[in-house]
Amino acid sequence: MIDESRMKNKNEGRYSEANMAVAYILKDFAMKLKLAHNAEDLDSALELTVKNVMIACSHQDKLLTENEVSEKYAFFTASKLRNMRARNKGPNYHKMGNTRNGRVLYKMSDVESWIARHLVSTSQL
């Protein structure tokens with residue numbers, strides 16, 4: 001059994017999206033192991049699990065330009081991201097170069113974390 005408490009991000013007190021995705025993928029694999037009737041079923045389950053883990057891990061730390069962020073998330077325009085950076089708001093970013101024109105990159109996981117932190121929960125009727 002996977003101990004989800006060990007996956008807690010110590011810096012922010014939240015679960016890493018990549019770690020949670022991998023945990024659920026591995027839980028699914030454990031279930032498929034129990035149901036596997038032959039070596040072919042096992043090989044198929046293992047191949048799919050490896051593929052899904054690689055996808056989950058690679059997507060989280062991908063670096064995106066502000067234009068790529070705005071393409072992926074319609075509510076972030078490039079100018080809105082620039083404005084938020086100027087006001088020290090918005091998702092964390094990496095600035096490559098010390099000049100004013102240095103390239104700005106965002107980790108996909110930082111953008112998704114920022115979005116998750118701004119979730120507003122409405123009461124249910």
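Residues in the sequence shown are numbered consecutively from 1, following UniProt numbering.
Here a beta-carbon is modelled for each residue, glycine too, at the ideal position from N, C-alpha and C.
Around the Cβ of Asp110, a 10 Å sphere holds 16 or more other Cβ atoms; the residue is buried. Straight-line measurement puts the Cα of Asn67 at about 32 Å from the Cα of Leu48.
Per the C-alpha coordinates, the member of Arg85, Lys89 and Met54 positioned closest to Arg103 is Arg85. Contact between the region 50–65 and the region 21–30 is established, with three or more Cβ pairs separated by less than 8 Å. In the DSSP assignment, Arg82 falls within the unbroken alpha helix (DSSP H) covering Ala78 to Ala86. In the structure shown, the three-state DSSP call for Tyr106 is strand.
A distance below 7 Å between beta-carbons, with the five flanking residues on each side excluded, links Ala78 to the following residues of its chain, in chain order: Glu66, Asn67 and Ser70. Checking the DSSP bridge columns, you'll see His94 partnered with Leu105.
As the crow flies, the alpha-carbon of Glu112 is around 32 Å from that of Leu33. Taking the Cα positions, Leu46 is about 10 Å away from Glu40.
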